[in-house]
Every structure is written in structure tokens, then in C-alpha cells.
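Notes follow once the structure below has been shown.
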């Protein structure tokens, strides 16, 4: 389903819980699928004893992927034209993340309508882990 | 940087979608995907980054016969400080000219962009490096333009 301009207004929001109690195994699963085997994400011994972090942590790109799941569930399949994020805090095993999109503009360009969205993904403490923006094609 | 050939396969798209916990059939079920606005299986929006699988020199994948900086007998397989130990991902942006589909054979070229520095209370001196990557299809048409920013920190990010 493609969103319709007539049914949208600035300030509308859509949010989803995109992961609950993030497991180390899911982080490993992402390493395997993406090809990023940085030990910081899967090797507790290296990460705590050599790199100096309290534990392994998620790839930023896993958090982007989780945020993207909320986004495509909202705007529909194959309609995204832009998706960008900043990684503002690390995501740790055990984290529960909520991703939210807020409509910032509904506009027309070259006869095509678009929705602009602000994105924010937060953890169980309300701390933002991803901030971003996206644009998708919408119908009239 | 050398151009990388990225052949896109349906099984890889399925595994990637699983890893981000996305059960949307548009990423794994050809019959169901045909009925969606995408008209067939497409890749999730951040899939392009999995090009790392096809970079023969990718530094974050262990390679046979080469020392790996992760733990083995000891906490690290190398003696010196790993070159990439302080590297973190700061930003990632994708511009979609169209969405990636199984069967695409993408040619991927990355060019270095701007470099800048910033002082941070939580991690010391930060050095940001931008990389711009173009993904072109078998017809030479632009599919995705990606802009990534990596940051190297002077010390681990303080969690306080």
C-alpha cells in the first residue's frame, strides 16, 4: 500500500517496536548477512579486554536496518527515494528499540507527490540511538 | 578504489531481511511480492551495504593465512594495536534511484569525500571521513548513491 497525500498531514507519526531484548545472536546474524565481521560486534573477549568497551555492541547498520523496517512498513514497498541516519548512541545486547517516523512535509515535484519524514529510534531509557530523515513517493 | 562487482541473489536478500527481523514477504516470497507496489522481490533499504561481502580486500572479514585482530588463544590475534579498533560508523545516507532486485549485477565504486575533525568530551579527538559510493546496474544506470561517514575516536566512547 502506498500512502496517500489526502490522508496525511504534517505532524502525523508512525512508530513500532523494532527489537525487544536484542540478542548477541541477532548481532552475529547481521554480521553474517552484511559481511561486517568487526569483532566489536561479536567477540566479547576482544571488545572488553582490547577495545575497552563494556560489551559487544550492535552494528550501526543493524540499527539502521531495524529503523528501515518501521519505515517501509509505513510508506510501503519500493516507494522510498531517500533514507539517511546519524548514529547518536551505541546499541547494546538487551536493548529494546522503538523507531518513529514523523511527517515533516507533503510536497509535489515534477508531478510526483512525496512525503518527507523525520526519524528517531530510541532505547528503553528514552535515549536516541538513531536520528535521521527519509523521503517516499506517495499517491494523490 | 577498485570497482566491486556485486551480484544480487534472492537468498542473500532473504538472509539480510531475517537479520534485521523483517518478515515482510516482499523480501523473500516471489509470488506475494508480485502483488505489492514493488511488483516483485526487492532488497531492504540498507541492503546495499552488504557489498562488503564482495570486496576481496574488506578489512573486517578474516582471511585464510592472515592474522585476525579478534580474540583466539589470547584476547587479540595480533600484537600491535589494530588499525581499525577505534573506527565507528557515524552516518549513512542512501538515495534510491530505484530499488535493488535479485538478478541485478551491480558495479560499485567508492570515492573518498571530505575529512574533518572535532573535539569530543566522550571520546577525545574525532576524525570524520566521508565516502561516496555509486551502485550501477548491468545497463550502467545508477541504482543507489550512498554517502557514509566513519569516525575514528582517540579513545573508546565514554558510556557515562
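Residue numbers (the working numbering), protein chains in the order written: chain A, 6 to 145; chain B, 1432 to 1591.
For glycine and all other residues, C-beta sits at the position ideal for the given N, C-alpha and C.
Selection from the options that minimises the alpha carbon distance to residue i
i: residue 1541(B); options: 1453(B), 1561(B), 1439(B) and 1459(B); result: 1561(B)
i: residue 76(A); options: 46(A), 16(A) and 126(A); result: 126(A)
i: residue 1570(B); options: 1537(B), 1506(B) and 1482(B); result: 1537(B)
i: residue 1580(B); options: 1455(B), 1498(B), 1563(B) and 1446(B); result: 1563(B)
i: residue 74(A); options: 105(A), 10(A) and 130(A); result: 105(A)
i: residue 1450(B); options: 1467(B), 1477(B) and 1473(B); result: 1477(B)
i: residue 1498(B); options: 1489(B), 1505(B), 1462(B) and 1509(B); result: 1509(B)
i: residue 33(A); options: 1447(B), 1435(B), 1485(B) and 1533(B); result: 1447(B)
i: residue 1501(B); options: 44(A), 128(A) and 38(A); result: 44(A)
i: residue 102(A); options: 60(A), 135(A), 30(A) and 119(A); result: 135(A)
i: residue 116(A); options: 100(A), 142(A) and 109(A); result: 142(A)
i: residue 1440(B); options: 1568(B), 1482(B), 1533(B) and 1565(B); result: 1533(B)
i: residue 91(A); options: 139(A), 31(A), 17(A) and 40(A); result: 139(A)
Any chain A beta carbon closer than 7 Å to residue i
i: residue 1476(B); result: yes
i: residue 1374(B); result: Within the shown structure, residues of chain B are numbered from 1432 to 1591, placing residue 1374(B) beyond reach of any answer.
i: residue 1550(B); result: no
i: residue 1435(B); result: no
i: residue 1553(B); result: no
i: residue 1501(B); result: yes
i: residue 1491(B); result: yes
Distance, residue j Cα to residue i Cα
i: residue 1544(B); j: residue 121(A); result: 26 Å
i: residue 71(A); j: residue 26(A); result: 13 Å
i: residue 42(A); j: residue 50(A); result: 15 Å
i: residue 88(A); j: residue 145(A); result: 22 Å
i: residue 1572(B); j: residue 1463(B); result: 27 Å
i: residue 97(A); j: residue 1470(B); result: 36 Å
Extent of the continuous alpha helix (DSSP H) to which residue i belongs
i: residue 1447(B); result: 1441-1450
i: residue 29(A); result: 29-39
i: residue 74(A); result: 65-80
i: residue 119(A); result: Run containing residue 119(A): none in the alpha helix (DSSP H); it sits in the beta strand (DSSP E), 117-127.
Interface flag, residue i vs chain B, CB-CB below 7 Å
i: residue 135(A); result: no
i: residue 145(A); result: no
i: residue 62(A); result: no
i: residue 108(A); result: no
i: residue 74(A); result: yes
i: residue 44(A); result: yes
i: residue 54(A); result: yes
i: residue 91(A); result: yes
i: residue 183(A); result: The shown model of chain A, from 6 to 145, leaves out residue 183(A), and the question about it has no answer.
Limits of the unbroken beta strand (DSSP E) element including residue i
i: residue 22(A); result: 18-24
Residue i and residue j closer than 7 Å at C-beta
i: residue 36(A); j: residue 28(A); result: no
i: residue 111(A); j: residue 13(A); result: yes
i: residue 1530(B); j: residue 83(A); result: yes
i: residue 86(A); j: residue 1525(B); result: no
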